[in-house]
Amino acid sequence: NAGVTQTPKFQVLKTGQSMTLQCAQDMNHNSMYWYRQDPGMGLRLIYYSASEGTTDKGEVPNGYNVSRLNKREFSLRLESAAPSQTSVYFCASSYPGQGIGYTFGSGTRLTVV
Amino acid sequence: DQQVKQNSPSLSVQEGRISILNCDYTNSMFDYFLWYKKYPAEGPTFLISISSIKDKNEDGRFTVFLNKSAKHLSLHIVPSQPGDSAVYFCAASAGGGSYIPTFGRGTSLIVHP
Numbered sequence: 023n024a025g026v027t028q029t030p031k032f033q034v035l036k037t038g039q040s041m042t043l044q045c046a047q048d049m050n051h052n053s054m055y056w057y058r059q060d061p062g063m064g065l066r067l068i069y070y071s072a073s074e075g076t077t078d079k080g081e082v083p084n085g086y087n088v089s090r091l092n093k094r095e096f097s098l099r100l101e102s103a104a105p106s107q108t109s110v111y112f113c114a115s116s117y118p119g120q121g122i123g124y125t126f127g128s129g130t131r132l133t134v135v
Numbered sequence: 489d490q491q492v493k494q495n496s497p498s499l500s501v502q503e504g505r506i507s508i509l510n511c512d513y514t515n516s517m518f519d520y521f522l523w524y525k526k527y528p529a530e531g532p533t534f535l536i537s538i539s540s541i542k543d544k545n546e547d548g549r550f551t552v553f554l555n556k557s558a559k560h561l562s563l564h565i566v567p568s569q570p571g572d573s574a575v576y577f578c579a580a581s582a583g584g585g586s587y588i589p590t591f592g593r594g595t596s597l598i599v600h601p
């Protein structure tokens with residue numbers, strides 16, 4: 023099925039551990055995004071990639087790194103996880119300049135203990 | 489400072505009645521507005537949008553109203569159905585929707601049978 027695929031769906035990390043969240047889209051979208059959703063905080067943009075080969079910081083980039091591996095894949099890395107990074111992470115993709123064209127993945131629920 | 493505000497964290501409505509979800513914004517550069525719907529354990533999905541050149545947009549049971557002078561928009565769902573129970577995010581974008589949207593914190597709608 024066409025869409026945005028995120029792996030893993032669930033993850034528990036110990037403080038200080040590292041991990042990479044994977045995201046892939048098969049809609050030939052140019053732009054990809056990583057958001058986090060926290061209770062009462064809505065969706066906050068972590069990083070985005072307007073096109074292959076470019077990445078930019080969003081609202082809450084501290085503690086994260088990203089890699090736009092190719093047009094399909096955009097990964098989010100936590101180098102040293104902290105409890106404050108406990109959240110639900112959503113990847114999304116779109117054509118550039120299309121706020122209505124966002125397609126979201128189903129999310130990764132991350133708990134850092 | 490929140491640029492997009494959804495002041496009601498939750499709303500409870502009886503099936504068949506009207507649901508009205510409200511959203512306020514502060515940035516006068518915003519000229520394109522969107523509503524996304526999110527079910528538990530799923531990613532948000534696009535619901536309806538409106539450009540600032542309009543004051544109303546309808547799509548079936550869903551209507552969005554925009555009051556530019558008050559910097560206020562609302563989503564009306566008529567009639568409400570139990571399947572509408574979800575979290576609704578308001579989002580605003582500049583540049584006619586070409587800029588990455590800013591999301592509100594969401595309103596949880598519960599429609600009782």
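Line by line, the protein sequences are chains L and P.
When we follow our numbering, the leftmost residue of the first sequence carries the number 23, and every step to the right adds one.
When we follow our numbering, the leftmost residue of the second sequence carries the number 489, and every step to the right adds one.
Glycine residues also receive a C-beta, built at the ideal position from the N, C-alpha and C atoms.
{"Item": "Between P:Ile508, P:Phe521, P:Arg593, P:Arg549, which lies nearest to Asp543 (chain P) when the distance is taken from Cα to Cα?", "Value": "P:Phe521"}
{"Item": "CA-CA distance, Gly62 (chain L) and Arg593 (chain P)?", "Value": "6 Å"}
{"Item": "Under 7 Å, CB to CB, which of the residues in the region 103-114 of chain L have a partner in chain P?", "Value": "Phe112"}
{"Item": "Is Asp78 (chain L) buried or exposed, if buried means 16 or more other CB atoms sit within 10 Å of its CB?", "Value": "exposed"}
{"Item": "Bridge partners of Tyr587 (chain P), per DSSP?", "Value": "Beta-bridge pairing links Tyr587 (chain P) to no other residue."}
{"Item": "Compute the Euclidean distance between the alpha carbons of Gln44 (chain L) and Met54 (chain L), then round it to the nearest angstrom.", "Value": "12 Å"}
{"Item": "Alpha carbon to alpha carbon, what distance is there between Ile538 (chain P) and Val599 (chain P)?", "Value": "24 Å"}
{"Item": "In chain order, what residues of the same chain lie with their CB nearer than 6 Å to the CB of Asp48 (chain L), ignoring the 5 residues before and after it?", "Value": "Ala24"}
{"Item": "Can you check which of these residues, P:Met517, P:Tyr524, P:Val492, P:Val501, is closest to Tyr576 (chain P) by C-alpha distance?", "Value": "P:Tyr524"}
{"Item": "With distances taken from CA atoms, which of L:Tyr57, L:Arg131, L:Ile68, L:Arg94 is nearest Gly75 (chain L)?", "Value": "L:Arg94"}
{"Item": "Give a yes or no on whether the minimum CB-CB distance between Ser71 (chain L) and chain P is below 7 Å.", "Value": "no"}
{"Item": "Taking C-beta pairs closer than 8 Å, name the residues in chain P that Ser128 (chain L) reaches, listed in chain order.", "Value": "Ala529, Glu530, Gly531"}
{"Item": "Quick one: does Gly25 (chain L) have its CB under 7 Å from some CB of chain P?", "Value": "no"}
{"Item": "Considering only residues of the same chain and omitting the five flanking positions on each side of Ser596 (chain P), which have a CB-CB separation below 6 Å?", "Value": "Ser498, Val575"}
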